[in-house]
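Protein chains in written order, with the numbering used here: chain C, 1 to 265; chain Z, 1001 to 1292.
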């Protein structure tokens, strides 16, 4: 499902102008990473996608739906939102019930709910924790439960707010694996991240935001190589991009494969 | 004499059978900067709680062995005495904020009030600490109105203000952008330079390599490796045990297999990687103007 944002402005009731003219198209099945300093407007932007916030000016279209004309509950059938802090979204007695809550509310048949829950738990490697209370799990696993509880809603669009925060290498790899699977299924994914190496290794398109505006939007290699512009929004290029630049390599590289290929030539 | 001394420490949380810490032996000298790394579930936060006296004073369960900080044994102390020597900044700042105060300034003074610091000194200390961590502009805000990164700075500041001899930090920058991370590491480094003992749990290996004197790799509640950053962080045991490593290390390891790594030992930092790879770059791959 396509996302279209037209000249979006948003001002908080406190007077803070958090978004100042965002225009953006995300095609069906695209996976996009949004980077930028704290306070750049990343979370404010994505909160418009499921109607948690309404534009002060401009328009947000989810497929053919204008977000001002549909309730958050309705939009939830198209856009799933995984919060940065899982504790803000978990409340059920056990993992299985937590993950079943979303699809139940979307009014799916029991059989389909079972399938979706099972699939989401399998993808996030939580099958052995179905009966566990989410709050008996470590913060790491709670984050996976929050992820699963959105996956099970089978929305065409998924928003992930800082999915790798506090996660170790093994879990980051798990998350990357889910992203690959979502790509195969043609899901549109928008991820906010400070983890620039994770961004470089898993996303083809990167948007850099600063002070409520889009600074850069393009192919990952084109965006991540712009170290001076990125510095203005407090983002350092990925480690291997920086290494290649310091070594004077003429092309921007963003992962191990690209780096080693350049050296092998 | 070591300021932190753990002998055969084993700990089980209540109602569990598997120890989260197993036979930990650890001595940390005063002024040392020690980083602790490990996969999720390795026992890093539990180690922090043990050092901070929350185990055994707040979390029950079964603690065996001896935990000694500044010559006091935790079994024989009370928490109010323990906090004079050790401060812990929580992994999740939201859980640390008292909930009893309306402003950041009051929140920062909370610990000092509890140990009976005179008002004038209290205000001076809070102001100095806020300057240090760059949060003076947040003084009148509610701690709950802040972003995750700002809350983490408040959590860190509320410990610094106590001037503990041992500073224990559990992933203090996990919610910060790269510049915030750099600033906070600058502050921590500063504290260590002034002689504070720092024990830091952290996933960001590149920073550890730059600042820590020593790295402890924890896995399944046991110490797997303990040594200087250049050795521990490049050990081949890390990737096979689920530890995150620097991209510089992993790319150099791969390059070594391919015969195009010319460095002496595997790099952890950017500078080390640049030095080791410099001679391996084919001329035709180099752009006209080298950047600094």
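For glycine and all other residues, C-beta sits at the position ideal for the given N, C-alpha and C.
Restricting attention to Z/1268, Z/1063 and Z/1193, the CA atom closest to the CA of residue 1017 of chain Z is found in Z/1063. Using a Cβ-Cβ cut-off of 7 Å, residue 38 of chain C counts as an interface residue toward chain Z, since at least one Cβ of chain Z sits closer than that to its own.
With a 10 Å radius around the Cβ and a threshold of 16 neighbouring Cβ atoms, residue 236 of chain C comes out buried. About 20 Å separates the beta carbon of residue 1149 of chain Z from that of residue 1099 of chain Z, a gap too long to meet the 8 Å contact definition. Taking CB atoms only, residue 1093 of chain Z has no neighbour in chain C less than 7 Å away.
With at least 16 other beta carbons inside 10 angstroms of its own, residue 203 of chain C counts as buried.
Contact check for residue 56 of chain C against residue 102 of chain C fails: the beta carbons are separated by 7 Å or more. In the displayed model, residue 1117 of chain Z falls within coil according to three-state DSSP, outside both helix and strand. Following the DSSP letters along the chain, one finds residue 261 of chain C inside the alpha helix (DSSP H) bounded by residues 256-264.
Going by C-alpha positions, residue 1113 of chain Z is about 40 Å away from residue 210 of chain C.
Residues of the stretch 1168-1195 of chain Z that bring their beta carbon within less than 8 Å of a beta carbon in chain C comprise 1171, 1174, 1175, 1176, 1177, 1178, 1179 and 1180, in sequence order. Contact annotation: the stretch 1245-1258 of chain Z does not touch the stretch 214-224 of chain C, with fewer than three C-beta pairs closer than 8 Å.
Residues of the stretch 135-148 of chain C with a Cβ closer than 9 Å to any Cβ of chain Z, in chain order: 138, 139, 140 and 141. Look at residue 15 of chain C: its C-beta is not under 7 Å from any C-beta on chain Z. Ranked by how close their Cα comes to the Cα of residue 248 of chain C, the residues Z/1282, Z/1049, Z/1272 and Z/1138 have Z/1282 in first place. Within chain C, 168 and 169 have C-beta atoms less than 8 Å from the C-beta of residue 1243 of chain Z, given in sequence order.
Here residue 1278 of chain Z is exposed, its C-beta having fewer than 16 other C-beta atoms within 10 Å.
Rounded to whole angstroms, the gap between the alpha carbons of residue 1133 of chain Z and residue 1182 of chain Z is 11 Å. Residue 1108 of chain Z places its beta carbon 7 Å or farther from that of residue 1142 of chain Z.
By the criterion of a C-beta distance shorter than 7 Å, residue 28 of chain C is surrounded in its chain by 1, 2, 186 and 188, once the five residues flanking it on both sides are discounted.
Beta-bridge partners assigned by DSSP to residue 1012 of chain Z: Z/1062.
The stretch 1056-1072 of chain Z and the stretch 1006-1025 of chain Z touch, with no fewer than 3 CB-CB distances between them shorter than 8 Å. Residue 1175 of chain Z is classed as buried because its beta carbon has at least 16 other beta carbons within 10 Å across all chains shown. Shown here is that no member of the stretch 1207-1233 of chain Z has a Cβ falling below 8 Å from a Cβ of chain C.
About 12 Å separates the beta carbon of residue 1169 of chain Z from that of residue 1208 of chain Z, a gap too long to meet the 8 Å contact definition. Secondary structure of residue 1045 of chain Z (DSSP, three-state): helix.
Between residue 1277 of chain Z and chain C, the shortest Cβ-Cβ separation is below 7 Å. Remark: C-beta atoms of residue 1003 of chain Z and residue 1197 of chain Z approach each other more closely than 7 Å. For residue 11 of chain C, there is no enclosing alpha helix (DSSP H); the residue is found in the beta strand (DSSP E) stretching over 3-11.
Contact check for residue 1225 of chain Z against residue 1035 of chain Z fails: the beta carbons are separated by 7 Å or more. It is roughly 38 Å from the alpha-carbon of residue 1210 of chain Z to the alpha-carbon of residue 17 of chain C.
By the neighbour-count criterion, in which a residue is buried when 16 or more other Cβ atoms sit within 10 angstroms of its Cβ, residue 1240 of chain Z is exposed. For residue 219 of chain C, no chain Z residue has a Cβ inside 9 Å of its Cβ, as the nearest lies near 19 Å away. Ranking Z/1203, Z/1046 and Z/1167 by CA distance to the CA of residue 1191 of chain Z puts Z/1167 first. Using a CB distance below 9 Å, the part of the stretch 67-101 of chain C facing chain Z consists of 84, 85 and 87, ordered along the chain. For residue 143 of chain C, the enclosing alpha helix (DSSP H) has its first and last residue at 139-151.
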